[in-house]
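Note sheet for the following structure.
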Amino acid sequence: MWRGKKAKNSANADQGVVGDTCKTVVVCKSGIYKDCKDDAGTCSFDLDTNAAVCKCSGHKKLNDQKHKCEETCKGNDECKNGGTCGEKEGNKFCQCRTGVEGDTCETVVECKSGIYKDCKDDAGKCSFDLKTNAAVCVCSGNKKLNDKEFICEDCACGENEECSFKDGEKNLFMQNWLRKR
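Under the UniProt record's numbering, the first residue of the sequence shown is numbered 1, with each subsequent residue one higher.
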């Protein structure tokens, strides 16, 4: 399905293209359809309608609110990380919670590019906590979250000791007193 808005450009507003060979579509490069690329669609200039358009391939549909192609959903169970399936302009798309993105709300921003970006593999598992509505770094085994590095580190301790990190330093608790290691 082709949809578009009139391209606005001071140089060639009537045509919506710029450059020596008029191949750069302004709305596709820096306008509303700048995210309509790769798997989110193909942006081009339609000479018949004199407007930029975002064309979706496969079963994706144009999300007019985000100006790019996305997977549609049928129910909330298709949306991850607490997202809900809601209708927009006749199509249903996953509506993601703050801090989560992607067609099906599969990407936790803090896990991808935020403070927990290194919380993976041996350094923990980053996920979205629905109760706190925030990203968390989950540690397993003897590992605990280093609150300065935001990764899981080995925090092994002796019998009757409990280990944690505070300001990046390992702390061992033994009964009623604290010992720094």
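Every residue gets a Cβ at the ideal spot worked out from N, C-alpha and C, and that includes glycine.
Since this is a predicted model, take the numbers as computed values, not measurements.
Contact under 9 Å by Cβ, residue i with residue j
{"i": "Gly-114", "j": "Cys-152", "result": "no"}
{"i": "Ala-156", "j": "Asn-142", "result": "yes"}
{"i": "Thr-84", "j": "Asn-91", "result": "no"}
{"i": "Phe-173", "j": "Lys-144", "result": "no"}
{"i": "Val-26", "j": "Ala-52", "result": "yes"}
{"i": "Asp-122", "j": "Phe-150", "result": "no"}
{"i": "Asp-39", "j": "Lys-60", "result": "yes"}
Whole-Å CB distance - residue i paired with residue j, under 8 Å assumed
{"i": "Lys-68", "j": "Asp-35", "result": "4 Å"}
{"i": "Val-108", "j": "Ser-127", "result": "7 Å"}
{"i": "Cys-56", "j": "Cys-43", "result": "About 11 Å separates the two Cβ atoms, so there is no contact after all."}
{"i": "Ala-135", "j": "Cys-96", "result": "Contact flag wrong, Cβ pair sits at about 13 Å."}
Neighbourhood of residue i by C-beta, 8 Å cutoff - its chain only, sequence neighbours within 5 removed
{"i": "Cys-73", "result": "Cys-79, Cys-85, Lys-92, Phe-93, Cys-94 and Thr-104"}
{"i": "Thr-98", "result": "Asn-133"}
{"i": "Leu-130", "result": "Asn-81 and Gly-82"}
{"i": "Lys-88", "result": "Asn-63, Asp-64 and Gln-65"}
{"i": "Asn-146", "result": "Cys-152, Glu-153, Phe-165 and Gly-168"}
Range of the contiguous beta strand (DSSP E) that encloses residue i
{"i": "Cys-152", "result": "151-154"}
{"i": "Lys-170", "result": "169-174"}
{"i": "Lys-144", "result": "143-146"}
{"i": "residue 193", "result": "The question about residue 193 has no answer, for the chain in this structure spans 1 to 181."}
{"i": "Cys-137", "result": "134-138"}
{"i": "Lys-120", "result": "Lys-120 -> no beta strand (DSSP E), and no H or E assigned at all."}
Contacting residues, own chain, Cβ-Cβ under 6 Å from residue i (five flanking each side not counted)
{"i": "Asn-63", "result": "Glu-70 and Phe-93"}
Endpoints, the alpha helix (DSSP H) within which residue i is located
{"i": "Glu-106", "result": "Per DSSP, Glu-106 belongs to no alpha helix (DSSP H) and is neither H nor E."}
{"i": "Lys-55", "result": "No alpha helix (DSSP H) contains Lys-55, which is instead part of the beta strand (DSSP E) from 51-55."}
{"i": "Lys-92", "result": "Lys-92 -> not in any alpha helix (DSSP H); beta strand (DSSP E) instead, spanning 91-95."}
{"i": "Cys-85", "result": "Premise fails: Cys-85 lies in the beta strand (DSSP E), 84-88, not in any alpha helix (DSSP H)."}
{"i": "residue 197", "result": "Any property of residue 197 remains undetermined from this structure, which presents the chain solely from 1 to 181."}
Contact set for residue i: own chain, Cβ-Cβ below 7 Å, skip 5 residues either direction
{"i": "Glu-161", "result": "Leu-172, Phe-173 and Met-174"}
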